[in-house]
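Going by this note's numbering, the sequence shown opens with residue 52, and the numbers climb by one from there. Glycine included, every Cβ here is placed at the ideal spot set by N, Cα and C.
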Amino acid sequence: MTIYKEKKGLEKTLNTFKQQNHSVGLVPTMGALHNGHLSLVKQALSQNDIVVVSIFVNPTQFNNQEDLEKYPRTLDTDVALLKTVSKNIIVFAPTANDIYDSNIKSIDFNFDGLEFEMEGKFRHGHFDGVGTIVKRLLETVKPDKAYFGEKDFQQLQIIKKLVEKFKIPVTIIGCKIEREDSGLAMSSRNTRLKPEYKKAAPFVFKTLESAKVKFGTKSANEVVKWVTDQFAKHPLLKLEYFIVADVIDLKPVKRKSNKKTYRAFIAVYADDIRLIDNIALN
Ligand code: PAF
Numbered sequence: 052m053t054i055y056k057e058k059k060g061l062e063k064t065l066n067t068f069k070q071q072n073h074s075v076g077l078v079p080t081m082g083a084l085h086n087g088h089l090s091l092v093k094q095a096l097s098q099n100d101i102v103v104v105s106i107f108v109n110p111t112q113f114n115n116q117e118d119l120e121k122y123p124r125t126l127d128t129d130v131a132l133l134k135t136v137s138k139n140i141i142v143f144a145p146t147a148n149d150i151y152d153s154n155i156k157s158i159d160f161n162f163d164g165l166e167f168e169m170e171g172k173f174r175h176g177h178f179d180g181v182g183t184i185v186k187r188l189l190e191t192v193k194p195d196k197a198y199f200g201e202k203d204f205q206q207l208q209i210i211k212k213l214v215e216k217f218k219i220p221v222t223i224i225g226c227k228i229e230r231e232d233s234g235l236a237m238s239s240r241n242t243r244l245k246p247e248y249k250k251a252a253p254f255v256f257k258t259l260e261s262a263k264v265k266f267g268t269k270s271a272n273e274v275v276k277w278v279t280d281q282f283a284k285h286p287l288l289k290l291e292y293f294i295v296a297d298v299i300d301l302k303p304v305k306r307k308s309n310k311k312t313y314r315a316f317i318a319v320y321a322d323d324i325r326l327i328d329n330i331a332l333n
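Here you go:
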């Protein structure tokens, strides 16, 4: 397994592969890899000749300095974990100066309003940071396919919009959410949960599953009220938002239509750890 810390060396190697008509898959990550990431890597390996896994904690997508500082950085463990999956993986772990050409700033994007819903309301500038780094990674690696988890469903839709707007020649593949046995969606942040919060956290997905059942017979507003009440009674978990939205424009549903596809989205604080999750409703 080769690890590149600078884009120059990576680009040179990838050019050689591309001249031999090898297909390239990209799995962008911020490291602290878990089985959720590994499932993206496995899917990418099954659909491409070579897979690049980028490991970079992107400073421009953090609107909270403390969250950036506390974000786990575990490159050696990540590489060891990737080695257990395949030797056909290239790791790209650049420095911020290298990937940003010493200009560590976000582009001001227009994602047709997708960026202002849900996470956009609570994490100002977050999607400009995500868009900036993903655009850079796509331009550097020039993959045939790039893989993103549906846990960050809003991010996935925004990246599809980015690719469409900038006409970037890549297929974006959304991959299903990987869960722990308890139902808790896998996340690098889960390692920071204190034991009592780790025990409480599966309540998030359990509530989403019940919300899905209720959505079969009740209005979106009734489901939102029911979920809000469940969290109001919970001693440990604090609800930040619960929204039933159309998967295309991510706007909250006013009146259900059986021609549309909906998902429920949730963000919850477990102590100082922010958990997000979502579920397909129909
Ligand atoms: O989902 C993530 O881990 C990050 O937002 C991404 C896509 C790797 C960009 O930094």
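Item: Is it buried or exposed for Val264, if we count other Cβ within 10 angstroms and need 16 for buried?; Value: exposed
Item: Which residues neighbour the ligand PAF when neighbourhood means a C-beta less than 6 Å away from any of its non-hydrogen atoms? List them by chain order.; Value: Pro79, Thr80, Met81, Asn109, Gln112, Val181, Ile184, Val185, Asp203, Gln206
Item: Nearest CA to the CA of Thr80: which residue from Tyr292, Lys121, Ala315, Leu126?; Value: Leu126
Item: Have a look at the DSSP bridge pairing and note the partners of Asp328.; Value: Ile317
Item: What's the call for Asp163, buried or exposed, on a 16-neighbour Cβ count within 10 Å?; Value: exposed
Item: Should Asp149 be flagged as near chain D, meaning a C-beta pair shorter than 8 Å?; Value: No chain D is part of this structure, which consists of one protein chain only.
Item: Just mark Ser238 as buried or exposed, buried being the case when its beta carbon has 16 or more other beta carbons within 10 Å.; Value: buried
Item: Could you tell me if Asn86 is buried or exposed, where buried requires 16 or more neighbouring beta carbons within 10 angstroms of its beta carbon?; Value: exposed
Item: In the DSSP output, which residue or residues are listed as bridge partners for Ala197?; Value: Leu77, Ile223
Item: Mapping DSSP to helix, strand and coil, what is Ala262?; Value: helix
Item: Answer with buried or exposed for Thr191, where buried requires no fewer than 16 other C-beta atoms within 10 angstroms of its C-beta.; Value: buried
Item: Between the alpha carbons of Glu215 and Phe160, how many angstroms are there, rounded?; Value: 13 Å
Item: Please look up how many angstroms separate the CB atoms of Phe256 and Ala236, rounded, as I've assumed it's under 8 Å.; Value: 7 Å
Item: Under the assumption that Leu133 contacts Val142 (Cβ atoms under 8 Å), give the Cβ distance between them as a whole number of angstroms.; Value: 7 Å
Item: Looking at the unbroken alpha helix (DSSP H) that takes in Lys212, where does it start and where does it end?; Value: 204-216
Item: If you scan the segment 81-123 from start to end, which runs of the alpha helix (DSSP H) of 4 or more residues do you find wholly inside it?; Value: 86-98, 116-121
Item: Under 8 Å, do Arg187 and Ile210 count as touching if we go by C-beta distance?; Value: no
Item: So the beta strand (DSSP E) Ile140 belongs to, where does it begin and stop?; Value: 140-143
Item: Using the beta-carbon count (16 or more within 10 Å), is Gln70 buried or exposed?; Value: exposed
Item: Quick check: what's the CA-CA separation for Ile106 versus Lys269?; Value: 43 Å
Item: Among Thr183, Glu229, Ser261, Lys93, which has the Cα closest to the Cα of Gln112?; Value: Thr183
Item: If Val83 and Pro123 are in contact, beta carbons under 8 Å, what's the gap, nearest whole angstrom?; Value: The amino acid at residue 83 is misidentified as Val; the sequence shows Ala. Confirmed, about 4 Å.
Item: Give me whichever residues DSSP pairs with Leu288 in a beta bridge.; Value: Ala321
Item: In the DSSP output, what is Ala251 paired with across the bridge?; Value: DSSP lists no partner for Ala251.
Item: In terms of alpha-carbon separation, which member of Lys289, Phe266, Pro286, Leu287 lies closest to Lys305?; Value: Phe266
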